[in-house]
């Protein structure tokens, strides 16, 4: 039995009183194939899609074409959503910069799978743009150099820079704390000295 006959051949013209036996037989074969194809397709597609399909769709071929159009529309929506997320991402400076970059790379991979190709060089620039002001000198250094980094090189350099910034922040906090302690000790010494040199009241 030609199960896919209705998918390969267009619907035959309606039968008339003048239709031959062959035409009647071919029409019957096509109608049977169309009914089976429609039944199989409707059971195969997700229920969410079934509820959105037009009830007037009479042939299996039209049904498949309708599904294809809806998938194309959904792909465009998904591309728009993913691209919006990618270009609006900002690193807060808290957390793990390696994981942050991998998340952006994962979004780019999803877009590539939807046939929206993003080059590695463009992704590197998008990641650099998304970094906070603490990385300003880091970004300037990259823009001034001739060679470009791969994604793995960017991850490595960003991790190093983040560690350097954390160390710098720790040392700065330690310096402030030490300076404050010294100032407090000097202030106490001055107060003691002033108390010791204060004039004694006459008896």
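In UniProt numbering, the protein residues as written are 1 to 203.
We put the CB at the ideal spot given by N, CA and C, even for glycine.
None of the values given here were measured: they were computed from a predicted structure.
Cβ neighbours of residue i in the same chain (closer than 6 Å, five flanking residues each side left out)
{"i": "residue 120", "result": "151"}
Residue i CB to nearest heavy atom of the ligand PLP below 8 Å
{"i": "residue 109", "result": "As far as ligands go, the structure on display features none, and thus does not contain the ligand PLP."}
Own chain residues within Cβ distance below 7 Å of residue i, not counting five before or after
{"i": "residue 75", "result": "114"}
{"i": "residue 155", "result": "98 and 101"}
{"i": "residue 14", "result": "none"}
Which of helix, strand or coil DSSP assigns to residue i
{"i": "residue 16", "result": "coil"}
{"i": "residue 145", "result": "coil"}
{"i": "residue 9", "result": "coil"}
{"i": "residue 60", "result": "helix"}
{"i": "residue 140", "result": "helix"}
{"i": "residue 96", "result": "coil"}
{"i": "residue 131", "result": "coil"}
{"i": "residue 114", "result": "coil"}
{"i": "residue 3", "result": "coil"}
{"i": "residue 89", "result": "coil"}
{"i": "residue 203", "result": "With a pLDDT of 49 at residue 203, under the threshold of 50, the modelled position of that residue is not reliable, and the figure given next carries that caveat. The answer is coil: DSSP assigns residue 203 none of H, G, I, E or B."}
{"i": "residue 156", "result": "helix"}
{"i": "residue 150", "result": "coil"}
{"i": "residue 21", "result": "helix"}
Cβ pair residue i, residue j closer than 9 Å
{"i": "residue 11", "j": "residue 34", "result": "yes"}
{"i": "residue 59", "j": "residue 6", "result": "yes"}
{"i": "residue 67", "j": "residue 104", "result": "no"}
{"i": "residue 107", "j": "residue 86", "result": "yes"}
Sequence-distant residues of its chain with Cβ nearer than 8 Å to residue i (five each side left out)
{"i": "residue 149", "result": "124, 142 and 157"}
{"i": "residue 169", "result": "none"}
{"i": "residue 30", "result": "5, 6, 9, 11 and 12"}
Minimum C-alpha distance to residue i - residue among the options
{"i": "residue 41", "options": "65, 127 and 133", "result": "65"}
{"i": "residue 70", "options": "45, 162, 82 and 87", "result": "45"}
{"i": "residue 163", "options": "31, 93 and 18", "result": "93"}
{"i": "residue 161", "options": "146, 85, 147 and 137", "result": "137"}
{"i": "residue 62", "options": "139, 72, 84 and 37", "result": "37"}
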